[in-house]
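K.L.:
The structure that follows is given in the form of C-alpha cells.
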Amino acid sequence: MGNDNTIQFDVVKNKKDLTKEILTQVYDSLKEKGYNPVNQMVGYLISGDPTYITNFNGARALVRKLERDEILEEVLKNYLGLK
1 MGNDNTIQFD VVKNKKDLTK EILTQVYDSL KEKGYNPVNQ MVGYLISGDP
51 TYITNFNGAR ALVRKLERDE ILEEVLKNYL GLK
C-alpha cells in the first residue's frame, strides 16, 4: 500500500520559496519593532552590515542564511517578472 509516485525535488523553486519566506519574516520583524523594513533591508543588502537587521525573532540570523547576491537576484527577477 505504499506510494509509488516519485517526488521531484526542484532546487531552484525551493531556494526561491525559502528566500521569500525568510525575507517576509525579516520584514515582519523589522516592522513590528518600528523600523522601516525596506530601508533597513536595502541598507543591509548594500553594506553587508547585519546590524541593519534586528535580532528580534531571530531575524538577523535568518537573513544571514541567505547570500546577499542571491537575495538581489531573486528581487530583480521578481521585479522584472522573470521566472
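For the sequence shown, full-length UniProt numbering assigns the number 1 to the initial residue and increments by one for each residue that follows. We put the beta carbon where it would ideally sit given N, CA and C, even for glycine.
From the DSSP output, in three-state form, read off T51 for me.
P.N.:
Against the sequence shown, residue 51 aligns to sequence position 51. Of the three classes helix, strand and coil, the one that applies to T51 here is helix, per DSSP.
K.L.:
Comparing C-alpha positions only, which one of N14, D4 and L30 sits nearest to K44?
P.N.:
Stepping through the sequence shown from its first residue, residue 44 is reached at position 44. The sequence given here places Tyr at residue 44; Lys does not occur at that position. The option with the nearest alpha carbon to Y44 is L30.
K.L.:
If we count the other Cβ atoms within 10 Å of its Cβ and call it buried at 16 or more, is M52 buried or exposed?
P.N.:
Your numbering for residue 52 matches position 52 in the sequence shown. What sits at residue 52 in the sequence shown is Tyr, not Met. Per the 10 Å Cβ criterion, buried.
K.L.:
From this set, K13, Q25, E70 and N14, which residue's C-alpha is nearest N57's C-alpha?
P.N.:
As a position in the sequence shown, residue 57 is number 57, starting the count at 1. Residue nearest to N57 within the set K13, Q25, E70 and N14 is Q25 (criterion: CA-CA distance).
K.L.:
Pick from D69, L62, E70 and G81: whose alpha carbon is nearest that of E21?
P.N.:
Counting from one through the sequence shown, the residue named residue 21 turns up at place 21. Closest option to E21, Cα to Cα, is L62.
K.L.:
Please go through the same chain and pick out, in chain order, the residues whose beta-carbon is closer than 7 Å to the beta-carbon of L66, but skip the five residues on each side of it.
P.N.:
Here residue 66 refers to the residue found at position 66 of the sequence shown. Cβ within range, chain order: T19 and I22.
K.L.:
Please state whether DSSP places K83 in a helix, a strand or coil.
P.N.:
One-based indexing of the sequence shown puts residue 83 at position 83. In the structure shown, K83 sits in coil (DSSP, three-state: anything other than H, G, I, E or B).
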